[in-house]
Amino acid sequence: MKSLSTYIKVSTLALGLFAFQACTDLSQHVYSVTPIQNFYQTPDQIAAGLAPAYQALTAIAGNPSNVFNLQEVSSDEIIVPTRGADWYDNAQWQQLWLHTWPTGHNVVNGAWGDIYNGIGKINFILSVVNSLPNKPATIGEINAELKVLRAYFYYLAMDLFGNVPLVTDFNTNPNTVTNSARKDIFNFIESEIKNNIDSLPTNVDASTYGRVTKWMAFALLAKIYLNAQVYTGTPRWADCIAACDSVINSGKYSLLPNYFDNFAVNNSTLVGSGNENIFVVPFDKTNIGGDNMEMATLHYQSDKTFGLSGSPWNGFSSTADYYAQFDTSSTYTTQGGEVLRTYKDQRTGQFLIGQQYAIPYNYPPSTYVDSADPSLALKDAQTGLPLKFSPYVLQLSNPADSFRLAGLRNIKYFPEAGTAGSQSNDVVLFRYADILLMKAECEVRLNTNLIDALNLINQIRERAYGNNSHDWTMVDLNLPNILAERARELAWEGYRRQDLIRFEVASGTPYFSGARTPGKAADPSDHHLYIYPIPAQQITANPNLKQNPGY
Amino acid sequence: MMHRSTLSRPWLAILFFLSLAQFAFAQTRTISGRVVDEQTGSPMAGVTVRVKEVAGVGTTTNAQGMYQLSVPAEAKTLIFSFVGYQNQEIPITSNQINVSLKPGEALQEVVVVGYGTQKAQDVSAAISSISNKDFNKGVITNPMQQIQGKVAGLVITQPGGDPNQNVIIRLRGQTSITGGQTPLIVVDGVPLDDPSQIANIPPGDIQSYDVLKDASATAIYGSRGANGVIIINTKKGRAGQTQVTYNGYVGLDWQAKYYDLLNADEWRAATKKLGNYQPSLDKGANTNWQKAITQTAFTHSHNLLISGGTDKFTYSAAGNYINQQGIVINSGKNEIGLRFNAQQKALDDKLTLNYGLLTTRTNRKYVDYSIFTYVFSTPPTYPVYNPDGSYFGYFDFEQQNPVAQQMLQLNRGTENLNIYSAGADYELLQGLKLGLLGSLSYFNKQTDFFQPTLPGVGNINNGAKYNENRNSKKGNIHIEYTHTWNNVHNFDFTGVYEYNDFTYDNFRAAGQQYLVEDNQDNALQNGNTAFNQISSYKEEYKLISFLGRITYNYKGKYYLDASFRRDGSSKFGVNNRWGNFPAVSAAWRISEEGFMRNLAWINDLKLKVGYGVTGNQDAITPYATQLLVGSIGRYYNPVNPAYAYPQSYAPTQNANPDLKWEERHGFNVGANFSLFKDRLGGDVNVFNDKTKNLLYYYTVPVPPFYVNTILANVGSLTNKGVEISLNGTIVKGNKFNWTANGQITFIKTRVTSLSGSYAGYKLSTNNIPGGYAEGRGLSSNPITYLKVGYSPYVFYLPHWEGVDANGNQLFDSAGVKIPNYGNATFRYIDPAPKFNYGLGSTLSYGNWNLNFFFRGVYGQKIFNNTLLDVEFIKRLPGNNVTKEALTNGIEDAAVASDHWLENASYLRLDYVSLSYSFKQVKGIGSLDVYLTANNVFVITPYRGLDPEIRNGDTNQAYIDANYGSDGYYPRTRSIVFGVNVSFK
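Line by line, the protein sequences give chains V and D.
Going by the working numbering, the first sequence opens with residue 812, and the numbers climb by one from there.
Going by the working numbering, the second sequence opens with residue 51, and the numbers climb by one from there.
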């Protein structure tokens, strides 16, 4: 009987437990992240919540980025040859050079992802910030800044892919997303900039460093007008000049005497008026990683030249045909046992050519070309060959030992000793020299203000040579020369493909689509390769997307 | 008290039964006798003696083993039972019945089915049980190796010889793509919070494994049962004399196979012939780098078990120590474990209390896997040491001294696993038990890392300390009711309410540039503050379940089991918090039918069929369903130089409030049989499982989605297979016995869909890159894919057609041989094995016992990525190559093609063990000594070190690479000498 009473008691208890709400309480703590409704509460949180819009730029500017590779490796400016097994990488580098990229090309899809990551983040932030119960006082400026930054991402999408989806509302139904025509994207970018430009900050100081300003917006406007003929079929040269003038007349920018200071490790100190860089993406070796250009281009043993803490990857190079545009005339000085070569056009010094030495490299670039101590002359450790960079890249793939040293290497973003990847140099997206070159080009194209154009070009050349003895005269002022000047000034800055296509569309000369050494045949005449395909992966994810013509 | 009215009815029923019992006592006679231990002959006190036919009639033996019992007239059988001994049923043929009880190997007879046990003969689901006498022998790194190859449907892979690498456990194939695929592992009724914690259970403590294979068995584990369930039972005490048992072994391991790399003279000859001999690379040494990083490793293991008790209290206490060197220098582990469990009976044996305690501490010395790359890249002409004994230092791309790196780096881990459990069961009425079980599990892991500035490398020294905790609180209330009506209707009901709370947290601190390297990672604050990194994380989730099971059989002939579980998990989306998991199975012991009884050669034949639904929630992180904001990287804020790099915050995932577990619908048909006087037994199962609502990170367009993938339940995959296991007694004699057992498993896995819709949006994905080829020039080179209609990680490769005169590799392009790989025709090649098998045999003669076990796989393919990288003459002179590289003619870039996808079928003699038993040793109970050889040989066409590699735990399945952080820790061959002693 005792057991029965126990049975009653325990059963009651058990049934009671089963009935209790507490038994089915599935609430859980969130510890390390925060539900969205708990964020965007303080000004600092709002600032940290806006930052991802810029954070997305690190994938665009952290070189060699996917966007950079599409802009450069498809042009004559950069080649990534297959050396032995190295850099074959599923043929992706060869395909870029040869213009034989498949629709599922890894870099093509990567670039799309990088660009739309930025657009997606900005759409989200716009949606969240504008629905805050207590909007920040600067909401107008915040919206303008975000929208112009989004226009920059759309400019990249338009430039590379042409007909891309235009999504500006975070809450868009995914089923409705489809491509817009390239000229519609152009119109969107243009109106977005114009509608917001007057709300943007005009001050150039620490608070706007690395951020969208009115002058960055004009530079962006100048870029889309410069290439408007490619994007829409209708040139907008005069509009480009007007946008450039807005930047020039602001008086906020000027050319720095030393070309390389713009790209130096400490270029983040170039804050305020009077500097050349208009829009940069900050990087830092410990806090903001992702820029590895030194690793991508330098040779395995170049760590000895620059005091790097790791062995680089021996990849990205320039060829002899491209290098032929540079002035290699030099002056030689002797320092102790070493002979130092300094180029008259300082910009030529961004390339490494010939024998490399285990002597700490000079900044700004001036190359040691001989040493009394032969042991300082570096060798390729794997083959024992003297580490001499040759401009001749005569094959796209060659297992010969000597081919490890083919191609010129670029040190525009001068490496910092003690690093190995993750450079601290801030990467420049827009700078004043380009504004001057754009304006001059448009004036030549319109055949107006040629004196002004000559003056603009000569500002660039005088800075490069340090004197006016290499100034152009009117005879020199023609479009092919301007294209070459852009190659010298803007080498490895991510503009070459765009420039070649623009000059090709305007003149009919096959700068971009023609045959080129090594190995590249002329493109098909339908010019479908002026834009990249919509990545196959994106069409799988969104079957509403239509492939670009010709693919 | 409000329940009184509802309780009145059972109350009446019980009165009715009691009155029946009262009636039965009308006529009686008295039986008496003595009960002794069959082995020792000593009298046994406290043995329960009861009448089978009449409930409630029974007594216990006294200190002399004597009993006396008055039984009613209809009593025909007496049942003698005692904890730890086999029950005996004796027909009442006289008034004096003496009995000798056999110490029970109870686990052979009883199968643990999850939240309860069943008699083996009554199981209608697909469950395999293996007890310790059938375990694999030799150096056991992970407890699961004890049953590797023994259970049909259970594929256990030890990927290489690393003592610190976990085994891969797959039950009935790959069940998921994103989710975990390791079965739920339950130790003495307590599920492990993470199945990898199995590595922390001392192998010597394990008595038996019960493997729940089909969904009708695993559905009782609901949303955690989809990958199957493995129940581990540790050794328990039993009443009687205290037993002290010691098991120990010592073993030697060495590397089983080497790649055929050039030695220094061959390197010199080859490079001179090629004309690229470099004196600067010839340091005059002749180093076999494969051997330089390895050693003959010594292992010793000790297990001491003390058990005993009375009929009221039994206990078992065990101490374990294992010290295992790795064959790679400066690697290995040691583990010390203590375990105690006890059972106390009280209140007229109605109350049973259980306690369990398991604590282990494992110290690990890890291998830095990047050293395997250096072994292949370093020329054989480099020495390991300078003449003064210091390490020879060198540095180039993917090249530095692997011995220096492995020896000079601190790379250790310490793991503590503590599981405490306590339970109480109370028998309210005969057949009705109510109980509670609670457990606490604490797992802590700490790792220490310090990389000094390595000779010749010039790296910045750096260190890190990492700590993680995975803890849980679990509790359940359970009720079981067992009853037999009219001696033919056997009925059992089990009901459980269960509550689980899991937390996980970690903390890491790291720094660089230390002045005093001797401090290692113990003074992390002293480095360059610019490099200091700290991070921490914590998460929690809850799982609440209600479950019930009914088993019924009629005369042990017809069986019907049904179970139902309702799970609520905080991981799931708000729209799917609760899920239901039903299962049903039936069996028919056809050998009990009249028409079968005449067939004398059939001893037992049971047909069974089952269906069940289980879930898999492993892929879902605790907060996957919510839109959460987290840090995504730093940004530059020059306005505030004192804090110039603050964190930026953004959502890190697309929220999916519809998220739920993957569902696995399993159907099983099978038969158990025992034939020819129990000389041949077997179990055959055919299964057809379908995983629905497959979790996968589907690619979605950004924008409007926030990030480019979303975890959603969209696709499906199937596993179909046949499992056959047989055991036979070939010779049964007085002195000579010969038994054999074997199993074979056929499994076919197919991805059947990767598309569907989420919230009205069509999600579709196909041909998703899975694994990548690795090596120089092999970046961004996917070679395996998830493709609808194929098995997961199917290879997609061009067909290799040889090499042309210029050393360019040729590939098939729609029937034409072309050198350019980009335009070649690609084809899908399924790497999955067609079947796995195991075959073991035991021969015993007198006190001698010879035991061996073969294990194999047929139809498997492995991508030999190591040879793709190394068998390439253009690596000379700066890197080493295989001898084959000198003649294979390949001179162009390394191209991933089917040339490197090799047949990796194999047959391995897993072990041979010879033992001798000293039956009666003075002062000792028994003494067994044995000598075992492991991995005696492997027959395989595969050219890599071993065909048993990672085949399912990562996207790199079936890819055998030694590059970057991926390496193959060489498999070992070993020899072991051991003793098992029982003291009295």
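C-beta: ideal position from N, C-alpha, C; glycine also.
Please read all numbers here as calculations on a predicted model, not as lab measurements.
Applying a beta-carbon distance threshold of less than 7 Å, which residues of chain D neighbour residue i?
| i | result |
| --- | --- |
| Asp897/V | Arg826 and Gly827 |
| Ala859/V | Pro696, Gln697, Ser698 and Tyr699 |
| Ser1018/V | Val689 |
Using a Cβ-Cβ distance cut-off of 9 Å, determine whether residue i contacts chain V.
| i | result |
| --- | --- |
| Ala580/D | yes |
| Ser620/D | yes |
| Gln158/D | In this predicted model, Gln158/D has a pLDDT of only 42, less than 50, meaning its place in the structure is not dependable; the value taken from the coordinates is given anyway. No, Gln158/D lies away from the interface with chain V (no Cβ there is under 9 Å from its Cβ). |
| Ser613/D | no |
| Gln676/D | yes |
| Ile682/D | yes |
| Ile594/D | yes |
| His668/D | In the sequence under discussion, the amino acid at residue 668/D is Asp, which differs from the His named in the question. So no, Asp668/D is outside the interface. |
I want to verify the contact list: residues of chain D whose CB lies under 8 Å from the CB of residue i, in sequence order.
| i | result |
| --- | --- |
| His910/V | Ordered by position in chain D, no residue passes the 8 Å Cβ test against His910/V, which lies about 13 Å from the chain. |
| Ser1213/V | In chain order: nothing, as chain D lies at least about 10 Å away. |
| Lys932/V | Ala700 and Tyr756 |
| Val844/V | Tyr673, Leu678, Val679, Gly680 and Thr702 |
Can you give me the start and stop residues for the beta strand (DSSP E) that residue i sits inside?
| i | result |
| --- | --- |
| Ser967/D | Tyr956 to Phe968 |
| Ser179/D | Ile177 to Ser181 |
| Gln501/D | Leu482 to Gln501 |
| Gly1133/V | Looking at the sequence itself, residue 1133/V is Tyr, so the reference to Gly does not match. Taken as a continuous stretch (DSSP letters only), Tyr1133/V belongs to no beta strand (DSSP E), being part of the alpha helix (DSSP H) at Ala1131 to Tyr1134. |
| Thr789/D | Phe786 to Ser803 |
| Asp260/D | Ile256 to Leu262 |
| Asn763/D | Thr759 to Lys782 |
Should residue i be flagged as near chain D, meaning a C-beta pair shorter than 9 Å?
| i | result |
| --- | --- |
| Phe981/V | yes |
| Asp1102/V | no |
| Leu1356/V | yes |
| Asp1095/V | yes |
| Gln1348/V | yes |
| Val841/V | yes |
Identify the contact partners of residue i in chain V, using a Cβ-Cβ distance below 7 Å as the criterion.
| i | result |
| --- | --- |
| Ile510/D | Ser1120 |
Hey, quick one: how far does the alpha helix (DSSP H) through residue i stretch, first residue to last?
| i | result |
| --- | --- |
| Ala1049/V | Trp1048 to Ser1061 |
| Pro854/V | Pro854 to Gln866 |
| Val878/V | Asn877 to Glu883 |
| Ser947/D | Here Ser947/D belongs to no alpha helix (DSSP H), and DSSP marks it neither H nor E. |
| Lys1034/V | Lys1025 to Leu1037 |
Assuming contact is defined by CB atoms lying nearer than 9 Å, are residue i and residue j in contact in what I supplied?
| i | j | result |
| --- | --- | --- |
| Ala637/D | Tyr604/D | no |
| Leu1257/V | Ile1052/V | yes |
Can you pull the chain D residues whose beta carbon is under 9 Å from the beta carbon of residue i, in chain order?
| i | result |
| --- | --- |
| Leu1190/V | A small correction: the amino acid at residue 1190/V is Lys; Leu does not occupy that position in the sequence shown. Within 9 Å Cβ-Cβ: Gln328 and Ser330. |
| Thr1108/V | Chain D residues near Thr1108/V: none, gap ~14 Å exceeds 9 Å. |
Identify the contact partners of residue i in chain V, using a Cβ-Cβ distance below 9 Å as the criterion.
| i | result |
| --- | --- |
| Gln859/D | In chain order: nothing, as chain V lies at least about 11 Å away. |
Below 8 Å on C-beta distance, what does residue i contact in chain B?
| i | result |
| --- | --- |
| Asp942/D | The displayed structure is made up of protein chains V and D, and chain B is not among them. |
What does residue i touch in chain V if you count any residue whose Cβ is under 8 Å from its own?
| i | result |
| --- | --- |
| Asn816/D | Thr1351 |
Between residue i and the ligand NAP, is the CB less than 8 Å from at least one heavy atom?
| i | result |
| --- | --- |
| Gln1270/V | Absence of the ligand NAP is noted for the structure shown, with no ligands found whatsoever. |
Entirely enclosed beta strand (DSSP E) segments - the stretch 380-461 of chain D, minimum 3 residues: As far as the stretch 380-461 of chain D is concerned, its whole beta strand (DSSP E) runs of at least 3 residues are 382-396 and 401-415.
Ordered list of beta strand (DSSP E) runs contained in the stretch 1161-1197 of chain V, each at least 3 residues: Complete beta strand (DSSP E) runs here, min 3: 1178-1182.
Residue ranges of each beta strand (DSSP E) within the stretch 926-962 of chain V, 3 or longer: The DSSP assignment places no complete beta strand (DSSP E) segment of no fewer than 3 residues inside the stretch 926-962 of chain V.
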